[in-house]
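Written below as structure tokens is the structure these notes are about.
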């Protein structure tokens, strides 16, 4: 069939070429188009990295391997879980030597701009900085919307600074656990300062507070209520407060916001760290106040190391994440049980229609789950 079609085309072209030969309508055959794909191309499959490969690459500071290891940790594929945990466990002895700083603030406070300005200054002071950002996520694709590498252009290309956004779609607890494991990998790779930026909304601040040594709250001025968007719980977590965008005509407003924050924070009980949070103003544009803020960070770390709070806080966080991991594993096992999954729709319908109480339904579902465990063991 193909040969017959080709013959007809050749005959048609030959006939019309002779018909218009010597006229302005005469068309030369031209040059045969080159193939769009190299005929010598052969697709080669990369060898999958082993746990040894990941650990060796991370310890030598290979950012490509580090990025791949973080992707492995963030993966929801059950086949990746065991290998990711093996990599994290083997990196633990080389972790824990950094200062972990959580950074939060109301939307529009300029968190990424602040991190870009302070981050460059920190790296210039012979530190290696890792920036982990829990980014807002697309509900459709699950991917990061803001893309911190594109927002922090001046520092993203530096070899001593590593930036990694983590989309916050899905379970916040899951994202937080994976972020904590990412911190371990970054510390093993030699980064001695870790910034964890939150989305600034919801409960992400609580999760981040449970994995950092110092919690920094950014605030803006001139937006009406000087304490807008800040809940009492978040203010109580702050170890340092910063009023951003203190430049130009906004300097006076920033100073006023600073006095409001200072007065508000003074009303709270003394923090467990034994040090009252201080309030600063800064401008990422003029760089005013940035050095004073970082000096206070170093002073806070030195103070809490001296009074024992730094190490005690790390131990408390380790225990907290042990229980969080157990809770997540039990929830995953419960909802992954086929018998429970099959019974859930009917239980949900009866609860919604008022035919069954919520607590009774929960007990019966748990009974189904535990019976299934016993049956599988026997």
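Numbering (the numbering used here), first residue to last: 5 to 382. Every residue, glycine too, gets a C-beta built ideally from N, C-alpha and C.
Alpha carbon to alpha carbon, how far is residue 146 from residue 182?
Taking the first residue of the chain shown as 1, we reach residue 146 at position 142. Taking the first residue of the chain shown as 1, we reach residue 182 at position 178. Confidence is the limiting factor: at residue 146 the pLDDT is only 44, short of 50, which leaves the residue's position unreliable and the question unanswerable from this model.
Which residue wins for smallest C-alpha separation from residue 94, given the options 317, 51, 57?
The residue given as residue 94 occupies position 90 in the chain shown. When 317, 51, 57 are compared, the shortest CA-CA separation from residue 94 is found for 57.
Does DSSP put residue 169 in a helix, in a strand, or in coil?
Here residue 169 refers to the residue found at position 165 of the chain shown. DSSP places residue 169 in strand when its eight states are reduced to three.
Could you check the C-alpha separation between residue 302 and residue 105 for me, to the nearest Å?
On the chain shown, position 298 is the one that residue 302 refers to. On the chain shown, position 101 is the one that residue 105 refers to. Roughly 11 Å between the two C-alpha positions.
Work out the CA separation of residue 199 and residue 98 for me, nearest whole Å.
Your numbering for residue 98 matches position 94 in the chain shown. Your numbering for residue 199 matches position 195 in the chain shown. Between residue 98 and residue 199, the C-alpha separation is close to 18 Å.
With distances taken Cα to Cα, identify the nearest neighbour of residue 244 among 298, 196, 253, 202.
Start at 1 with the first residue of the chain shown, and residue 244 comes out as number 240. Nearest C-alpha to residue 244: 298.
Please confirm if the stretch 245 to 255 is in contact with the stretch 113 to 122, defined as three or more CB-CB distances below 8 Å between the two stretches.
Touching, yes, given that three or more Cβ pairs across the two stretches are closer than 8 Å.
How would you label residue 273, buried or exposed, when you count the other beta carbons within 10 angstroms and need 16 or more for buried?
The count along the chain shown starts at 1 and reaches residue 273 at position 269. Around the CB of residue 273, fewer than 16 other CB atoms lie within 10 Å, so the residue is classed as exposed.
Do residue 156 and residue 107 count as a contact pair if the criterion is CB distance below 9 Å?
The count along the chain shown starts at 1 and reaches residue 107 at position 103. The count along the chain shown starts at 1 and reaches residue 156 at position 152. Result no, Cβ atoms of residue 107 and residue 156 do not sit closer than 9 Å.
Sequence-distant residues of the same chain with beta carbon closer than 8 Å to residue 153, five excluded per side:
Counted from its first residue, the chain shown places residue 153 at position 149. For residue 153, the predicted structure reports a pLDDT of 46, less than 50, and the residue's modelled location is therefore unreliable. The matter cannot be settled from this model.
Using three-state DSSP, classify residue 282 as helix, strand or coil.
Residue numbering aside, residue 282 sits at position 278 when the chain shown is read from its first letter. In the structure shown, residue 282 sits in a strand (DSSP, three-state: E or B).
With a floor of 4 residues, list each alpha helix (DSSP H) that falls wholly inside the stretch 267 to 349, ordered by position along the chain.
Runs of the alpha helix (DSSP H) inside the stretch 267 to 349: 294 to 311, 313 to 340.
For residue 117, report the span of its beta strand (DSSP E) as first-last.
Here residue 117 corresponds to residue number 113 of the chain shown, with the count starting at 1. Looking at the DSSP string, residue 117 is not in any beta strand (DSSP E); the run it does join, the alpha helix (DSSP H), is 115 to 128.
Which parts of the stretch 49 to 96 are runs of the alpha helix (DSSP H), unbroken and 4 residues or longer, counting only runs that do not cross its ends?
As far as the stretch 49 to 96 is concerned, its whole alpha helix (DSSP H) runs of at least 4 residues are 55 to 63, 67 to 78, 82 to 95.
May I ask you to report which of helix, strand or coil DSSP gives residue 108?
Along the chain shown, one-based indexing puts residue 108 at 104. The answer is strand: DSSP assigns residue 108 an E or B state.
Mind pulling the beta strand (DSSP E) runs of 3 or more residues that sit fully within the stretch 188 to 216?
The qualifying runs are 197 to 201.
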